[in-house]
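Residue numbers (the numbering used here): 166 to 442. Structure, as structure tokens:
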């Protein structure tokens, strides 16, 4: 146990030395507080002024989670030369999926306008999210109601994303007060479709990289399969990367800087947007 703790502390110390962190930056008007969410930025300590930018949105079933829990994600990507933004957003029951998506869109637009101050290139912005966060980034990247300029997003990495077809899920399992689902989704099937990224994928959607855990929840497997079928109409070469993991380990794997996920995602970023300003 002591040896394991020592290794973890060594990893954290070594990583922190290569990264600058900027905490609780409000991206909406006003100060950062519970009603006005903020973001954290992890800036590489390199001399480059045009690092790619990766915006991460956490999961938590749309009613849980906190950006402060994901410093390991920001630090480890920044250590590898990616300016990383970890977004906080208002959760259900204080808002619904639409309010969350609007906040994520505002965070993206804020990043576009300000990332150069953190050595990020505003023309190399990518999105990623785990679980509910995967749903939110997919929705914002595909539904044109959220971003004024859809071309901001150069690519999307989905990590065991939930909710990609909420209409299909809620038709089978209608929402109840459990997990605040009535607040999040309403009882109106029209809203369920509006909440589902699968119905907005089109020829102009950004490139996708998709991870799914082989031991994840059945609903997530089904949702990703349906989403991928639709995506193949426009991006036929996309194949999911299936990992032998449960749902939560799909995100905690980023704690370890030697994970293959870093090189895979950086390859995707470089291939999708190869050094263009």
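Ideal placement from N, C-alpha and C gives every residue a C-beta, glycine not left out. Because the structure is a prediction, the values reported are computed rather than measured.
Selected residue, minimal CA-CA separation from residue i, among the options
| i | options | result |
| --- | --- | --- |
| residue 314 | 386, 369, 436 | 369 |
| residue 318 | 343, 412, 325, 308 | 308 |
| residue 293 | 302, 233, 397 | 302 |
| residue 431 | 212, 203, 183, 216 | 216 |
| residue 191 | 185, 183, 184, 202 | 202 |
| residue 381 | 396, 414, 393 | 414 |
| residue 188 | 264, 347, 249, 281 | 249 |
| residue 295 | 403, 259, 232 | 232 |
| residue 239 | 316, 337, 416 | 416 |
| residue 423 | 244, 299, 389, 351 | 244 |
| residue 140 | 337, 405, 349, 279 | Outside the shown range of the chain, which is 166 to 442, sits residue 140, and nothing can be said about it. |
| residue 391 | 356, 349, 327 | 327 |
| residue 259 | 421, 275, 397, 350 | 350 |
| residue 356 | 230, 264, 226, 210 | 264 |
8 Å Cβ cutoff met for residue i and residue j
| i | j | result |
| --- | --- | --- |
| residue 376 | residue 323 | yes |
| residue 325 | residue 385 | yes |
| residue 320 | residue 401 | no |
| residue 257 | residue 288 | no |
| residue 251 | residue 235 | yes |
| residue 286 | residue 222 | no |
| residue 246 | residue 277 | no |
| residue 224 | residue 306 | no |
| residue 266 | residue 220 | no |
| residue 283 | residue 268 | no |
| residue 312 | residue 281 | no |
| residue 379 | residue 334 | no |
| residue 425 | residue 399 | no |
Within-8 Å CB hit, residue i to chain B
| i | result |
| --- | --- |
| residue 316 | Included in the structure is just one protein chain, with no chain B present. |
Expected contact under 8 Å - CB spacing of residue i and residue j to nearest Å
| i | j | result |
| --- | --- | --- |
| residue 291 | residue 419 | Contact flag wrong, Cβ pair sits at about 15 Å. |
| residue 242 | residue 427 | 7 Å |
| residue 205 | residue 186 | 7 Å |
| residue 433 | residue 374 | 5 Å |
| residue 395 | residue 358 | Contact flag wrong, Cβ pair sits at about 13 Å. |
| residue 347 | residue 354 | Wrong, their Cβ atoms sit about 13 Å apart, outside the cutoff. |
Inter-stretch contact at 8 Å, needing at least 3 Cβ pairs: the segment 355–368 / the segment 407–418: no
Ranges of the alpha helix (DSSP H) found wholly within the segment 327–406, counting only runs of at least 4: 331–337, 346–350, 354–359, 383–396
3 or more residues per run - each beta strand (DSSP E) lying fully within the segment 199–227: 203–209, 216–222
Ranges of the alpha helix (DSSP H) found wholly within the segment 219–275, counting only runs of at least 4: 236–244
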